[in-house]
Amino acid sequence: MSRPAGRKAPAFDRDLVLDSLGGWRGMVDVSLPTVAFVVANGFGGLTVGIWAALGAALLVFGLRLLRKESLQQAFSGLIGVAIAVAIARASGEARDFFVVGLIRNAGLGVLLLGSVLVRWPLVGVAAEFLAPSHLGSMADHSLKGSLRGRAKARVAEVRAQDDEATLREPDAAPERHWRTDRRMMRVYTWLTLLWAATFVVRAAVQGFLYWRDEVALLGTSSLVLGLPVTGVALVVTLWAVARLHRHRTTA
């Protein structure tokens, strides 16, 4: 369908989306407490591993605080590590440090698969919220702005879009929702299945190693199936969504 005259062509800002997810550095920071725990536990036992993991999480949080960077991901990571070490401390089993991650991976995998079954693929929901192809570009928003500021700007953008719709000619075709676009639904579905597969495989491998009480391999699998696999899935997702938005612009 052709875009109404005067409508700003949508643009997909990969940097904005990546920044909203914490950036590449944020994903690396999340891995540091796990590395510290596995290494310290191997050399000094569970108690040393617990303190090493907490120390790494606090270090990441402190560095971000000193550099006046976003603390959202660092704070959530600190809470996650605190819960993980509390469970391991209570049970006395080093493998229980990975229980939270195992449950999270299994839950996310099931949630993503369920969203495909109900035809609301979560990758599409997230992508259209962060950079909505049917509402216009978020590329002009400051990458350093807070999430609250972005949300307010998005609300203002939606309102402006509604005002424009009321002034549009009666015979002008309304903008289609992304779920009515077969191409977008197809790609978003496959991308959601890709992410579901990464979480399900991660949960299956870690579940098996947890059952075998292979703490070192649990840590290794957490790292190997963590940042590298997530990075590949994210690159593929950003590339595919950018192509979809170009298709939406010219459709």
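251 is the number that the UniProt record's numbering gives the last residue of the sequence shown; the numbers go up by one with no jumps.
Beta carbons: idealized from backbone N, C-alpha and C, even for Gly.
Proximity winner among the options, relative to residue i (alpha-carbon distances)
i: I79; options: L65, R89 and F61; result: F61
i: V118; options: H245, A106, L102 and T192; result: T192
i: L54; options: V224, R89, G124 and S115; result: R89
i: M184; options: R212, V123 and L225; result: V123
i: W195; options: G109, R64 and L223; result: G109
i: I50; options: V187, T237, F75 and A86; result: A86
i: G45; options: L63, K68, G92 and L66; result: G92
i: V35; options: T237, S222, V236 and V235; result: S222
Residues near residue i by beta carbon distance below 8 Å, same chain, minus five either side
i: V48; result: A40 and N41
i: I83; result: V100
i: V116; result: T189, T192, L193 and A196
i: A233; result: L194, W195 and T198
i: R182; result: none
i: T220; result: V38
i: V125; result: S115
i: F75; result: F61
i: L59; result: L32
i: V236; result: L191 and L194
i: L111; result: L122
Expected contact under 8 Å - CB spacing of residue i and residue j to nearest Å
i: T189; j: T230; result: Not confirmed; about 20 Å, so no contact.
i: G77; j: V38; result: With a Cβ gap of about 16 Å, G77 and V38 do not count as contacting.
Own chain partners of residue i with C-beta closer than 6 Å, once the 5 adjacent residues on each side are dropped
i: A5; result: Only weak support is given to the placement of A5: the predicted model assigns it a pLDDT of 45, under 50, and the value that follows is read from those uncertain coordinates. There are no such residues.
i: P33; result: A53, A56, A57 and V81
i: D213; result: R95
i: N105; result: F199, R202 and A203
i: G145; result: At G145, the pLDDT of 45 sits below 50, so the modelled position is not reliable; the number obtained from the coordinates is stated separately. Once the five neighbours on either side are set aside, G145 has no close Cβ partner at all.
i: L225; result: R202
i: V187; result: A240 and L244
i: V215; result: A94 and R95
i: residue 255; result: Residue 255 lies beyond the residue range present for the chain, which begins at 1 and ends at 251; the question has no answer from this structure.
Where the alpha helix (DSSP H) through residue i begins and ends
i: E128; result: L122 to L130
i: T180; result: Segment: none, T180 is in no alpha helix (DSSP H) and carries neither H nor E.
i: R104; result: V99 to L117
i: G226; result: Careful: G226 lies outside any alpha helix (DSSP H) and carries neither H nor E.
i: R64; result: L46 to L66
Same chain, Cβ closer than 7 Å to residue i, neighbours up to 5 away in sequence not counted
i: L218; result: R95, F98, Q206, L209 and Y210
i: L102; result: A203, Q206, G207 and Y210
i: L113; result: A196
i: K68; result: none
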